[in-house]
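Under the numbering used here, the residue at position 217 of the sequence shown is numbered 217, and the numbers go up by one with no gaps. Have a look at the structure below, then the notes.
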Amino acid sequence: MTVIKAYEMAKSMYETLGVDVEAALEKLKTIPISIHCWQGDDIGGFEVQQNELSGGIDVTGNYPGKATTPEELRSDLEMALRLIPGKHRINLHAIYAETDGQHVERNEIKPEHFRNWVEWAKQHNLGLDFNPTVFSHSKAADGLTLAHPDEEIRQFWIEHCIASRKIGEYFGKELGTPSLTNIWIPDGYKDVPSDRLTPRERLKRSLDQVFAVEIDEKYNIDAVESKLFGLGSESYVVGSHEFYMGYALTRGKYLLMDTGHYHPTEMVSNKISGMQVFTDKIALHVSRPVRWDSDHVVTFDDELKEIANELVRNDALDTIRIGLDFFDASINRVAAWVIGTRNMQKALLYALLTPHAELKNYQEKGQFTERLMLMEELKSYPFGAIWDYFCQEMQVPRGMAWLQHVQEYERSELARR
Ligand SMILES: C[C@H](O)[C@H](O)[C@@H](O)C(=O)CO
Ligand SMILES: [Mn+2]
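Okay, here's the thing in structure tokens:
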């Protein structure tokens with residue numbers, strides 16, 4: 001059966017449920033995903049003075065072909081983008097600055113160090129997002145940064161975060177779409193702290209100093225990312241969920257929720273509406289924790305579908321910023337981007353093809369049998385035929401055909417590294 005024929009049949013099935021399939025596809029085309037550049041080089045970056053990865057995160061695997069220069073990383077991203085339908089954003093970290101072989105301290109990075117990224121983004125019609133890199137550095141060696149007891153260290157990182165926000169502002173001005181500059185810091189303690197309050201008070205003061213520099217939200221949007229624990233900060237993380245929820249709500253900042261940053265049975269899908277009642281300044285790092293914050297490649301699993309359902313049924317697609325955050329060095333890194341990003345889009349399509357009004361109605365009327373029945377029946381609806389049609393329309397390979405392009409690229413490009 002042709003793709004079109006299968007699509008027409010699937011479409012009529014969804015239409016009998018009252019779903020407007022064409023509107024769903026039109027909407028999906030407009031949803032940008034912020035694709036994290038650091039999957040391409042195992043969060044190495046291109047600083048002249050290279051530092052080991054720290055901050056309580058880790059990348060495992062040694063699949064050949066990781067990007068070792070900005071040109072290689074951009075080329076790998078281009079390859080992935082050719083296989084991902086739609087127009088998207090690229091999420092950069094400060095360690096991806098290009099400084100012409102000169103060592104530039106993190107608190108001195110400038111927009112000009114990201115000129116090549118901006119020119120490239122213009123050529124490819126991409127938005128850019130940004131992150132200060134508050135780890136992998138001698139001044140973060142003891143696992144404390146913005147909450148450090150030493151004022152000089154705190155000041156260094158405050159300056160780095162301000163410099164980063166100005167880079168975000170530069171992206172926003174140049175590209176005509178506001179950059180999300182997200183602050184994640186690793187600060188915490190391995191063992192039971194004797195004082196939880198003082199570091200949190202210091203972090204609050206440091207962040208207030210970072211945000212005291214006013215930047216128009218037309219160009220740069222500030223976000224803060226919470227975490228439960230990391231390697232070496234198992235007992236206590238200063239920037240916990242409650243800390244940042246309070247901070248974001250009282251300061252009018254975005255709260256960024258990373259799906260790997262909570263207790264294993266705590267789901268971000270269940271947190272979105274809790275936040276939405278108070279703010280629409282919500283951002284996501286979609287990841288896949290396996291037993292811990294392992295940052296596995298995102299799969300088309302129940303939690304991903306539930307997150308997408310929340311975004312669609314709560315009318316949040318135009319406000320919530322969707323970003324990805326995984327890093328797997330045990331498989332082809334370009335394929336990792338393609339799998340994870342296409343899965344995020346598949347989940348959004350699945351949610352867009354769901355008759356939410358009917359399901360909400362069942363719930364309001366207490367018809368829980370009908371609610372469960374419809375949710376379960378939808379799982380075997382011909383969703384794949386609609387996804388294939390979407391890929392064909394968007395001129396990217398459908399089904400498994402994309403992998404051969406990555407394999408050719410691996411032979412011609414990655415194997416030479
Ligand atoms: C590299 C990222 O900034 C980092 O993964 C952060 O977002 C995080 O999730 C740390 O666990
Ligand atoms: Mn994250």
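A virtual CB, placed ideally from N, CA and C, is assigned to each residue, including glycine.
- [ ] Identify which residue in Glu358, Asp42, Ser380 has its Cα closest to the Cα of Glu370.
- [x] Glu358
- [ ] Below 8 Å CB to CB, which residues in the same chain sit around Asp301 once its five sequence neighbours on both sides are set aside?
- [x] Arg288
Task: the segment 374-387 contacting the segment 118-130, beta-carbon criterion three pairs below 8 Å - done: The count of Cβ pairs closer than 8 Å, one atom from the segment 374-387 and one from the segment 118-130, stays below three, leaving the stretches out of contact.
Open item on the list: Which residue wins for smallest C-alpha separation from Asn131, given the options Val312, Phe278, Lys204, Phe114?
Closed with: Phe114
Task: Any non-hydrogen atom of ligand 1 closer than 8 Å to Phe327 Cβ - done: yes
- [ ] Between the Cα of Phe327 and those of Tyr63, Leu83, Lys253, spot the shortest distance and give me the residue it belongs to.
- [x] Tyr63
TODO: Note down the Cα distance separating Glu108 from Thr341, rounded to an integer number of angstroms.
DONE: Looking at the two C-alpha atoms, the distance is approximately 33 Å.
TODO: Determine the closest residue to Lys5 out of Ile158, Gly384, Trp402, Arg417, with distance taken between C-alpha atoms.
DONE: Gly384
Open item on the list: Under 8 Å: does the beta carbon of Gly56 sit that close to some heavy atom of ligand 3?
Closed with: Among the ligands modelled here, namely ligand 1 and ligand 2, ligand 3 does not occur.
TODO: Report the rounded CA-to-CA distance for Thr145 versus Arg200, giving the unit in angstroms.
DONE: 12 Å
Task: Local Cβ density within 10 Å of His103, reported as buried at 16 or more and exposed below that - done: Classification of His103: exposed, given that the 10 Å Cβ count is below 16.
Open item on the list: If we require 3 or more residues per run, which beta strand (DSSP E) segments fall completely within the segment 19-98?
Closed with: Within the segment 19-98, the complete beta strand (DSSP E) segments of 3 residues or longer fall at 34-36, 89-93, listed in chain order.
Task: Of the listed residues Pro186, Asp58, Asp280, Gly168, nearest to Trp292 (C-alpha basis) - done: Asp58
Task: 8 Å Cβ shell around Met394 - same chain, five flanking residues per side excluded - done: Lys29, Pro85, Gly86
Task: Min CB distance Asp76 to chain D below 9 Å - done: Judged by its chain identifiers, the structure shown contains no chain D, having just a single protein chain.
TODO: Starting from the N-terminal side, write out each stretch of the beta strand (DSSP E) that is 3 residues or longer and does not extend beyond the segment 319-352.
DONE: 321-324
TODO: Please report the residue range of the alpha helix (DSSP H) in which Val3 lies.
DONE: DSSP places Val3 in the uninterrupted alpha helix (DSSP H) bounded by 3-15.
Open item on the list: Along the chain, where does the beta strand (DSSP E) containing Asn309 start, and where does it finish?
Closed with: First-last for Asn309: 302-313, but that is the alpha helix (DSSP H), not the beta strand (DSSP E).
TODO: Below 8 Å CB to CB, which residues in the same chain sit around Lys253 once its five sequence neighbours on both sides are set aside?
DONE: Taken in chain order, the residues that qualify are Phe211, Asp222, Ala223, Val224, Tyr247, Lys281.
Open item on the list: I'd like the list of long-range same chain contacts for Pro193, defined as Cβ closer than 7 Å, with 5 residues on each side in sequence excluded.
Closed with: Ser235, Tyr236
Open item on the list: Quick check on the DSSP output: the alpha helix (DSSP H) that includes Val210 runs from which residue to which?
Closed with: 197-212
Open item on the list: Using CA atoms only, rank isn't needed, just tell me which of Gln363, Leu349, Ala335 is closest to Tyr409.
Closed with: Ala335
TODO: Output yes or no for whether 9 Å exceeds the beta carbon distance between Ser269 and Glu217.
DONE: Not in contact: Ser269 and Glu217 (Cβ atoms no closer than 9 Å).
TODO: Tell me whether Val224 sits in a helix, a strand or coil according to DSSP, three-state version.
DONE: strand
Open item on the list: Let me check you understand the geometry: is the CB of Gly260 closer than 8 Å to at least one non-hydrogen atom of ligand 1?
Closed with: yes
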